[in-house]
Ligand SMILES: Cc1cc2nc3c(=O)[nH]c(=O)nc-3n(C[C@H](O)[C@H](O)[C@H](O)COP(=O)(O)O)c2cc1C
């Protein structure tokens, strides 16, 4: 079997998922001109989508929130029209656990008529990680990126060895099925420390859900904030914070319980 292009679909507020899928694409070894990046992170993503063709290999990817793929990622993936493509499923998590996230992606794939041929769970710096309370700091690092490229290369080899009639078997993926109810993330939101803010607007630009607006300073609509931490990580003055006690406790728990390095896992 041959595919003509690699079509990447990902949601990635703090860019770790984006980095991993790009390394996978490099590992697949296709002409870079034939790698199509569909970044679903920002509200205007639909304006630049490129139509999926039947001979494209599709990669769908998103970050793990509370053991599942982030709901925003699922919602956006569900808007894409696929063409019965072979698909690679990728979950990126913050060195705690990916729990049922790959099952989430498998279900999205099945409902969209995609045929999963491989899956991988990779590690990115935890969105809540700080210098003082680090979890997965600096990941994906060089070793993770090499693992992602190697995964891409294995996908390429599998697809090449394929007799067009049989198709690749679907990978056995760890996780609970049927999927349980999503765990409720206690409500909290990111906000501005006005004394530190220089009003550059970066927080508004990088917010995936349009939760940040300007009204005598950058404010947040709490009901839209998914505490993805994009604004915290990108603010040049560290003027965006989450004040919630729950998040602070969680940050401390992660730094002490999830310090041991987890390794990427792949499934064929
Ligand atoms: C609300 C929320 C919940 C999260 N839950 C988990 C989790 O259950 N397990 C885990 O290992 N990491 C968890 N993370 C960390 C992210 O999965 C991780 O930082 C990921 O690399 C972020 O991807 P992105 O850079 O593409 O946005 C969570 C992050 C957020 C914001």
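Residue numbers (my numbering): 4 to 271. Backbone N, C-alpha and C define an ideal beta-carbon position, used for all residues, glycine too.
Contact check, residue i vs residue j, beta carbons under 9 Å
i           : j           : result
residue 117 : residue 61  : yes
residue 32  : residue 151 : no
residue 178 : residue 120 : no
residue 74  : residue 232 : no
residue 234 : residue 215 : yes
residue 63  : residue 95  : no
residue 162 : residue 265 : no
residue 223 : residue 271 : no
residue 147 : residue 267 : yes
Candidates the options, of which the one nearest residue i by Cα
i           : options            : result
residue 229 : 221, 211, 216, 238 : 211
residue 124 : 11, 65, 34         : 65
residue 79  : 149, 271, 220, 14  : 14
residue 114 : 270, 93, 86, 95    : 86
residue 190 : 237, 245, 128      : 245
residue 76  : 44, 132, 22        : 44
residue 103 : 6, 130, 183, 11    : 183
residue 137 : 5, 9, 7, 263       : 263
residue 90  : 28, 241, 145, 101  : 28
residue 236 : 34, 55, 163, 16    : 16
residue 55  : 99, 67, 10         : 10
residue 26  : 157, 213, 198, 242 : 157
residue 19  : 57, 97, 48         : 97
residue 202 : 93, 243, 252, 142  : 243
residue 81  : 181, 172, 12       : 12
residue 225 : 240, 247, 241, 165 : 247
residue 194 : 241, 267, 35, 148  : 241
residue 170 : 88, 100, 49, 109   : 88
Through-space distance from residue j to residue i, alpha-carbon basis
i           : j           : result
residue 257 : residue 188 : 15 Å
residue 200 : residue 140 : 25 Å
residue 217 : residue 159 : 47 Å
residue 176 : residue 23  : 19 Å
residue 127 : residue 238 : 19 Å
residue 38  : residue 219 : 42 Å
residue 198 : residue 213 : 23 Å
residue 145 : residue 92  : 21 Å
residue 261 : residue 227 : 28 Å
residue 109 : residue 100 : 17 Å
For residue i, the first and last residue of its enclosing beta strand (DSSP E)
i           : result
residue 124 : 118-126
residue 194 : 193-195
residue 41  : 38-42
residue 65  : 59-68
residue 245 : 243-245
residue 221 : 221-223
Sequence-distant residues of its chain with Cβ nearer than 6 Å to residue i (five each side left out)
i           : result
residue 185 : 71
residue 269 : 123, 154
residue 68  : none
8 Å CB neighbourhood of residue i in its chain, flanking five on each side removed
i           : result
residue 204 : 217, 221
residue 52  : 41, 83
residue 133 : 254
residue 7   : 37, 56, 58, 59
Residue i - containing alpha helix (DSSP H), residue span
i           : result
residue 30  : 19-31
residue 198 : Residue 198 -> no alpha helix (DSSP H), and no H or E assigned at all.
residue 263 : Unbroken run through residue 263: none, as it is neither H nor E.
Residue-chain proximity (residue i, chain D), Cβ-Cβ < 9 Å
i           : result
residue 105 : Annotation note: the requested chain D is absent from the structure, which comprises a single protein chain.
Any non-hydrogen atom of ligand 3 within 8 Å of residue i CB
i          : result
residue 67 : No copy of ligand 3 appears in this structure; the ligands present are ligand 1.
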